[in-house]
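Quick note on my numbering: the sequence shown kicks off at 23 and runs consecutively.
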Amino acid sequence: MGTKLFWNIARRTIVAAILLGASVTSLAAGPATFPHVGQVSGDSVRLRGGPSTQHSTLEVLKKGDKLVVVSEKDGWFEVRLPQSCPCWIAEQLLKDNGDGTASVTGDNVNLRASADTKQYPIGQVNRGTVSLVRGDDGNTVKQGGYVRIVPPEQARAWISKEFIAATDEPVETVTPPVTTASGDAKSAAGTPNDERAAFQELDKIFLEELAKPTEKRDLTKAAELYQQYASFAKNEEIRKKAQHRIDLLKRTDAKIREVIEAAETKAKEAQKADAERQAQIADVLNKDANAEPIAYLAVGIVKSHGRDAKTPASHMIVDDTGDVLYYVRWEKGNLDLVLDKRVGFTGETKNYEDWDKPVIVIDRCEEIAMAEASVSR
C-alpha cells in the first residue's frame with residue numbers, strides 16, 4: 023500500500039476514533055475470526071469493488087446497514103455482496119431452468135458488477151445454480167450479452183474498516199443470497215489462479231484495443247485496472263506484469279496523443295473548409311434585400327436528372343408535384359449546392375435533340391421562398 027494511502031487511512035481512523043469516543047486500537051482491531059456481521063457506522067459509505075479508493079463504487083450504504091465480513095486486507099474489510107447490488111454473469115455460460123433459476127455451465131466463471139468486462143471481477147462461481155433477477159415486465163434482466171443474477175455467496179465487495187463496526191449477531195441473521203452455486207467462497211483476487219485468469223482476460227481486452235485503429239483506441243480503463251493489479255495483486259509475477267503493461271501504455275499514450283493532435287488539426291481544417299463552403303453557398307444564394315424583385319425565367323426545385331451526361335444539362339428543375347419543367351446547367355456555379363432547394367433563375371433557353379424539355383443555360387440562380395417567386399411572361 024502506498025505511503026499516501028496509508029497516511030490517508032490512518033488520518034481518517036484517528037478522526038473517527040475521536041468523534042466516536044473510542045480508541046484507535048479498538049476500532050482498527052475488529053474481531054479475530056471471520057465471518058462475522060458488521061454494521062455500517064457512517065452515512066453515505068461507499069462499497070467498492072476492491073480494497074482501495076481507486077476501485078469503482080458499487081453502492082453507497084447508509085448507517086445501520088449490515089454486511090457479512092469475510093476477510094481483511096490493508097485497512098479494508100472484504101464483505102459478501104449485498105443482494106441490492108447488481109451482479110452479472112455471461113449469458114453464454116448460463117442455461118435458463120425456466121423456474122427463476124439458471125445453471126452455470128462452466129467453472130471459474132467471473133461475476134461482474136457491470137454488464138461488461140471493463141471492471142475487475144467481483145468473484146467467481148463453479149457449476150451450480152443461481153437465481154435470476156426479473157425486471158418489471160417479469161422477464162430476466164439482460165444487457166450486452168450478460169444476465170443479472172441475485173449475488174451468490176462468492177460475489178464480494180470491500181468497505182473501509184473505519185466505517186463498519188462488529189456486532190454479536192449470527193451471520194445467519196443477514197439474509198443470505200438465494201443460490202446453490204458450488205465452489206468455495208472467494209474474492210476476485212482471492213487466489214493466484216483467480217488472479218491469473220482475471221489478468222489474462224484483462225490482457226485480452228488490452229490486445230483487442232491495441233488491434234483497433236489508433237484513433238479509436240480507449241486504453242483508459244485498461245490503465246486503471248493494470249494499476250490496481252500492480253498495487254494490490256497477491257502474486258508478485260502478476261504485479262510485475264501489470265507494471266510492464268503500464269509502462270507500455272505510457273509509451274502507447276504518446277502515440278495516441280500524436281494521433282489526437284493530428285485529428286484535431288484535421289477537424290480544424292474541415293471546419294475551415296466548411297466555412298468556405300458556407301461562404302460559397304452564401305455567395306451563390308446572395309440576395310440584396312434592397313434590390314428590385316427579379317423577374318425569373320423559371321422557378322422550381324433543383325434535382326439530379328440521373329443521367330451520366332453533364333452536358334448539355336447537369337440537373338433538372340421540377341415543380342412541386344415532381345414534373346420536369348426544364349433541364350439546366352450553370353457554367354459559372356455549382357448546382358449541387360442548391361440541390362433539393364427551390365430556386366429562381368435567369369438565363370438562355372436552348373433545345374437539344376434527345377432531350378424532351380428545353381435546356382436553360384443559367385446566368386443567375388438564387389434560392390427563394392414561395393412568396394418571392396416572380397416569373398417573367
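Just so you know, even glycine gets a beta-carbon here, dropped at the ideal spot from N, CA and C.
Cα-Cα separation, residue i to residue j
i       : j       : result
Ile-144 : Tyr-251 : 14 Å
Ile-382 : Thr-371 : 4 Å
Val-346 : Ala-297 : 33 Å
Ser-182 : Lys-226 : 31 Å
Asn-257 : Gln-293 : 51 Å
Val-324 : Thr-287 : 35 Å
Arg-386 : Glu-237 : 45 Å
Ala-112 : Gly-71  : 18 Å
Pro-57  : Val-193 : 7 Å
Asp-206 : Val-126 : In this predicted model, Asp-206 has a pLDDT of only 37, less than 50, meaning its place in the structure is not dependable; the value taken from the coordinates is given anyway. When rounded, the distance between both Cα atoms is 15 Å.
Gly-128 : Glu-191 : 35 Å
Ile-384 : Asn-356 : 11 Å
Pro-380 : Tyr-348 : 6 Å
Val-163 : Gln-114 : 14 Å
Asn-132 : Tyr-142 : 9 Å
Leu-232 : Ala-244 : 11 Å
Val-155 : Gly-122 : 8 Å
Arg-149 : Asn-130 : 8 Å
Ala-317 : Phe-367 : 9 Å
Ala-264 : Ser-153 : 35 Å
Glu-291 : Ala-301 : 15 Å
Thr-333 : Ile-339 : 15 Å
Thr-151 : Leu-241 : 35 Å
Trp-180 : Ala-289 : 44 Å
Lys-272 : Arg-329 : 55 Å
Asn-373 : Pro-235 : 54 Å
Closest by C-alpha distance to residue i, when choosing among the options
i       : options                            : result
Glu-353 : Gly-369, Leu-241, Gln-61           : Gly-369
Arg-68  : Cys-107, Leu-359, Val-92, Pro-57   : Cys-107
Val-91  : Gly-120, Glu-175, Arg-149, Ala-124 : Glu-175
Leu-359 : Phe-228, His-337, Asn-373          : His-337
Trp-110 : Gly-167, Asp-158, Val-62, Gly-150  : Gly-167
Lys-363 : Ala-391, Gly-355, Val-196, Thr-343 : Ala-391
Ile-303 : Glu-389, Val-340, Asn-119, Asn-148 : Glu-389
Asp-341 : Arg-134, Val-365, Ala-179          : Val-365
Asp-96  : Pro-73, Gln-146, Lys-85            : Pro-73
Ala-331 : Val-350, Thr-55, Gly-322           : Val-350
Gly-160 : Lys-140, Glu-184, Gly-120          : Gly-120
Glu-259 : Asp-158, Arg-218, Lys-234          : Arg-218
Gly-86  : Arg-239, Trp-98, Asp-65            : Asp-65
DSSP three-state assignment for residue i, whether helix, strand or coil
i       : result
Glu-231 : helix
Arg-149 : coil
Ile-268 : helix
Thr-79  : strand
Ala-295 : helix
Ile-384 : strand
Ala-112 : strand
Ala-391 : coil
Ile-186 : strand
Lys-263 : helix
Lys-379 : coil
Thr-201 : Because Thr-201 sits at a pLDDT of 38, beneath the cut-off of 50, its placement in the model cannot be relied upon, and the following sentence gives the value as read from the coordinates. Correct three-state label for Thr-201: strand.
Arg-170 : strand
Lys-208 : At Lys-208 the pLDDT is 37, less than 50, meaning the model places this residue with poor confidence; the figure from the coordinates comes in the next sentence. In this structure, Lys-208 counts as coil in the three-state DSSP scheme.
Contact check, residue i vs residue j, beta carbons under 8 Å
i       : j       : result
Arg-261 : Tyr-248 : no
Trp-377 : Ala-335 : yes
Ser-326 : Leu-270 : no
Leu-89  : Arg-102 : yes
Val-188 : Gly-60  : One point to set straight first is that residue 188 is Ala, not Val, in the sequence displayed. Yes; because the gap between Cβ atoms is below 8 Å, this pair is in contact.
Val-172 : Gln-105 : yes
Ile-186 : Ser-78  : no
Leu-224 : Val-169 : no
Ala-124 : Gln-165 : no
Glu-100 : Arg-178 : yes
Residue i CB to nearest heavy atom of the ligand HEM below 7 Å
i       : result
Lys-325 : No copy of the ligand HEM occurs in the structure displayed, which carries no ligand at all.
key: Contiguous beta strand (DSSP E) assignments of at least 3 residues, all confined to the region 115-147   = 116-118, 123-126, 131-133, 145-147
query = Which residue spans inside the region 319-352 form an unbroken beta strand (DSSP E) run of at least 3?
reply = 320-326, 337-340, 346-351
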